[in-house]
Amino acid sequence: MPEAKVERPPFFKSVRNYFREYCNCTSIHGFRYFGEKRTYFERGWWFIVFTVTLVACIISIREVYKKWLRAPVIVSFATKETPIYSIPFPAVTICPETKSTQSLYSHMGIVRKFLNKQNLTERERTVVDYMGLVCEENRHIKYSDTEVFTDDFYKVLEEISHGTDPFYRCEYMGTPYDCHKIFKPVVTDEGLCYTFNMLDRSEIFQNNIYHYGDYFKVDRLTRNNWTMAKGYTESAGLYPYPRRALHSGAKNALSVSLIMAKRNLDHSCKQSLQGFRVSLHIPSRVPRPSQEYFRVPLNEVVLAAIRPEMITTDSSVQLYNPYKRECFFPTEKKLKYFKLYTGRNCALECLTNYTLYHCGCVNYFMPRENTTNICGIESLNCMRNAELRYELGELRSKMSKTSTNSNSTRRQRYRKTIKLNCDCMPMCSDLTYNVETSQSYWEWAETLKAETKNGTILYGVDNHYVSKLILFFKSSQFITSERHELYGPTDFLANFGGLLGLFTGFSILSLMEAIYFLTVRLCCNSRLYGYWAGPEK
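So in full-length UniProt numbering, spot 296 of the sequence shown is number 296, and the numbers just go up one at a time.
Shown next as structure tokens:
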């Protein structure tokens with residue numbers, strides 16, 4: 001006799017029974033109440049509770065995700081302190097406020113000639129035009145209409161500053177040095193200055209950049225053993241270049257005695273401000289002492305305690321878009337004029353390009369190619385207006401980053417209109433030097449007088465001012481900051497899974513249970529019972 005055909009329950013009933021079986025077995029909280037044969041009120045109550053809990057869970061996960069989108073990278077303090085010998089001693093740029101030897105050029109004398117309506121020689125007219133870029137603008141001086149200068153500008157600047165060399169005595173970490181061997185001449189926005197511990201120009205500037213004379217040139221016997229991203233090399237030794245301080249405190253300082261002849265003081269070039277400007281910066285950055293500096297007055301001793309601030313970045317952060325982490329790694333942004341990227345070098349390059357675009361020339365301290373003209377005195381207002389528009393444009397760009405998407409197109413159109421596309425974000429690994437200064441009057445002449453046999457002042461001593469700068473690290477270690485991911489893969493999974501577990505009891509095993517009931521159990525039921533839903537209940 002043929003076997004009786006087994007009647008299968010309706011499909012919907014099989015699905016309902018199979019779902020009840022899953023509810024009774026799953027580890028997700030509250031699901032087993034859906035599978036029980038209870039009143040509609042009880043099942044409805046549990047459905048509402050589960051729905052509210054699930055919605056709260058989704059909202060919480062969404063907030064975590066939004067937080068990650070807003071700031072995927074955070075900055076926190078490092079877990080251990082950094083010793084000062086792992087970073088370079090700052091590059092120290094010193095600029096005398098006195099820009100010329102009075103016997104060669106007197107800016108004050110030129111002003112008097114204009115006031116007295118006296119005629120100037122051809123040489124004086126040339127030099128006063130040149131000094132118009134270095135000195136403060138004077139309303140009594142009538143400049144020429146020269147729009148561009150030649151390299152004669154640097155030659156004259158060097159000639160008239162002869163005799164204003166400010167160095168008298170130098171020591172570093174207790175060892176005397178010839179000041180002229182450790183301080184090299186550089187051209188900055190404050191004219192002719194002198195810098196210590198800066199990298200050679202071949203390591204800072206691109207090969208196509210034009211340099212006059214030996215400015216920014218360091219003794220080639222020194223080898224660069226340091227980069228901002230990786231620090232000192234393992235083979236650097238105790239006395240690398242750039243130099244580093246092995247210990248903190250005033251006994252391990254850079255001590256510089258500065259001298260200035262009284263006859264060379266000029267009270268019209270720099271608004272009667274006398275003394276020296278000092279700017280501290282990393283060795284790979286071109287200084288701008290007109291913007292960042294502290295003063296060393298005449299006949300005073302200035303003690304400057306250095307407090308370094310350093311930020312490092314975890315390598316995992318490099319996977320993020322630079323505009324998300326808000327910094328650049330060294331190889332991510334190439335500059336036209338500089339080999340080494342820093343935020344300040346980038347800003348100087350952008351200002352240079354902006355000035356060149358609007359004025360057809362660049363300021364004397366800006367990097368340039370051999371075919372680029374130096375702006376003359378007639379172009380001074382153009383350069384000032386270009387710098388002002390550049391700064392305002394950068395400010396608008398930064399402020400508009402928080403605007404809505406509807407303003408994004410307008411912002412891009414604005415940047416293209418003014419030829420501004422700098423994006424000069426900080427380096428991902430960066431270093432700055434803050435200083436705490438104290439100063440006191442220095443009766444240096446009385447010290448010399450006390451050391452003479454008859455107690456008289458040595459000849460010529462009373463015709464000079466002498467100042468001293470003492471620079472040292474305040475402490476042997478400092479706390480750095482670290483830029484790292486807000487959530488790594490493990491952190492994000494733990495946060496996401498933690499919220500699911502808190503609200504619903506969901507886990508990886510819960511997911512595997514669902515997959516099991518949708519795949520493996522269906523196949524095995526068909527094999528064991530001849531029906532995907534299993535035995536009839």
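Ideal Cβ positions, reconstructed from N, Cα and C, are used throughout, including at glycine.
Have a look at residue i and residue j and give me their C-alpha separation to the nearest angstrom.
{"i": "E171", "j": "R384", "result": "39 Å"}
{"i": "residue 538", "j": "L518", "result": "Here the chain has residues from 1 to 537 only, and residue 538 is not among them."}
{"i": "residue 582", "j": "Y433", "result": "Nothing about residue 582 can be read from this structure; the chain reaches only from 1 to 537."}
{"i": "A386", "j": "Y354", "result": "7 Å"}
{"i": "P240", "j": "D178", "result": "18 Å"}
{"i": "V127", "j": "Y154", "result": "11 Å"}
{"i": "N363", "j": "P242", "result": "29 Å"}
{"i": "D219", "j": "K113", "result": "43 Å"}
{"i": "M1", "j": "R521", "result": "Note that M1 has pLDDT 44, beneath the 50 cutoff, so the model's placement of it is unreliable and no number is given."}
{"i": "residue 546", "j": "R307", "result": "In the structure as shown, the chain begins at 1 and stops at 537. Residue 546 is therefore absent and cannot be evaluated."}
{"i": "T164", "j": "R389", "result": "35 Å"}
{"i": "S526", "j": "F31", "result": "25 Å"}
{"i": "E124", "j": "V134", "result": "15 Å"}
{"i": "S103", "j": "C193", "result": "20 Å"}
{"i": "C382", "j": "R396", "result": "21 Å"}
{"i": "R344", "j": "L199", "result": "15 Å"}
Is it the case that the Cβ atoms of residue i and residue j are separated by a distance below 8 Å?
{"i": "C422", "j": "C346", "result": "yes"}
{"i": "H180", "j": "T101", "result": "no"}
{"i": "S257", "j": "Y168", "result": "yes"}
{"i": "Q439", "j": "E332", "result": "no"}
{"i": "L311", "j": "S429", "result": "Checking the sequence shown, residue 311 turns out to be Ile, not Leu. It is a contact, given that the beta carbons lie within the stated cut-off."}
{"i": "L340", "j": "T437", "result": "no"}
{"i": "E159", "j": "G376", "result": "no"}
{"i": "N252", "j": "E369", "result": "no"}
{"i": "L254", "j": "L120", "result": "no"}
{"i": "L499", "j": "S60", "result": "yes"}
{"i": "F276", "j": "P166", "result": "yes"}
{"i": "P72", "j": "Y320", "result": "yes"}
{"i": "K474", "j": "A245", "result": "no"}
To which residues of the same chain is residue i closer than 8 Å at the C-beta, ignoring the five residues directly before and after it?
{"i": "Y529", "result": "P535"}
Since residue i is in the alpha helix (DSSP H), which residue starts that stretch and which ends it?
{"i": "K67", "result": "40-70"}
{"i": "residue 538", "result": "Look at the range of the chain in this structure, 1 to 537, and you will see that residue 538 is not part of it."}
{"i": "residue 562", "result": "Beyond the ends of the chain as shown, which are 1 and 537, falls residue 562; an answer cannot be given."}
{"i": "V15", "result": "11-25"}
{"i": "A347", "result": "343-359"}
{"i": "A514", "result": "508-518"}
{"i": "S429", "result": "Careful: S429 lies outside any alpha helix (DSSP H) and carries neither H nor E."}
{"i": "F114", "result": "107-115"}
{"i": "K398", "result": "380-399"}
{"i": "H180", "result": "179-182"}
{"i": "Y33", "result": "32-35"}
Which same chain residues, not among the five before or five after residue i, have their C-beta less than 7 Å away from its C-beta?
{"i": "S279", "result": "T93, P287, P289, E292, Y293"}
{"i": "M108", "result": "D266, H267, S268"}
{"i": "K13", "result": "none"}
{"i": "N138", "result": "V111, S268"}
Starting from residue i and walking both ways along the beta strand (DSSP E), at which residues does that stretch end?
{"i": "F503", "result": "First-last for F503: 489-504, but that is the alpha helix (DSSP H), not the beta strand (DSSP E)."}
{"i": "S202", "result": "Where S202 is concerned, there is no enclosing beta strand (DSSP E), although the alpha helix (DSSP H) it sits in stretches over 201-204."}
{"i": "H484", "result": "481-485"}
{"i": "L469", "result": "464-473"}
{"i": "E159", "result": "First-last for E159: 152-160, but that is the alpha helix (DSSP H), not the beta strand (DSSP E)."}
{"i": "R169", "result": "167-172"}
With distances taken from CA atoms, which of the options is nearest residue i?
{"i": "K67", "options": "L115, S510, E485", "result": "E485"}
{"i": "S76", "options": "E309, Y232, T53", "result": "E309"}
{"i": "F338", "options": "K80, L246, S284", "result": "S284"}
{"i": "K262", "options": "K334, T98, W444", "result": "T98"}
{"i": "M196", "options": "E81, I58, P90", "result": "Correcting the residue type first, residue 196 is Phe in the shown sequence and not Met. Nearest C-alpha to F196: P90."}
{"i": "D151", "options": "Y212, A445, E349, H464", "result": "Y212"}
{"i": "C57", "options": "A533, Y531, I515, F506", "result": "F506"}
{"i": "I479", "options": "L54, N24, E42, E81", "result": "E81"}
{"i": "A229", "options": "Q274, T342, V49", "result": "T342"}
Tell me which same chain residues have a C-beta within less than 6 Å of the C-beta of residue i, skipping the five on either side of it?
{"i": "F216", "result": "V186, R201"}
{"i": "N33", "result": "Looking at the sequence itself, residue 33 is Tyr, so the reference to Asn does not match. If we look at Y33 and ignore the five residues flanking it on each side, its Cβ neighbours are W46."}
{"i": "Y465", "result": "M260, L298, N299"}
{"i": "E513", "result": "T26"}
{"i": "L469", "result": "V256, V296, V302"}
Is residue i near the ligand HEM, with its Cβ less than 7 Å from a heavy atom?
{"i": "N373", "result": "As for the ligand HEM, it is missing from this structure, which has no ligand bound."}
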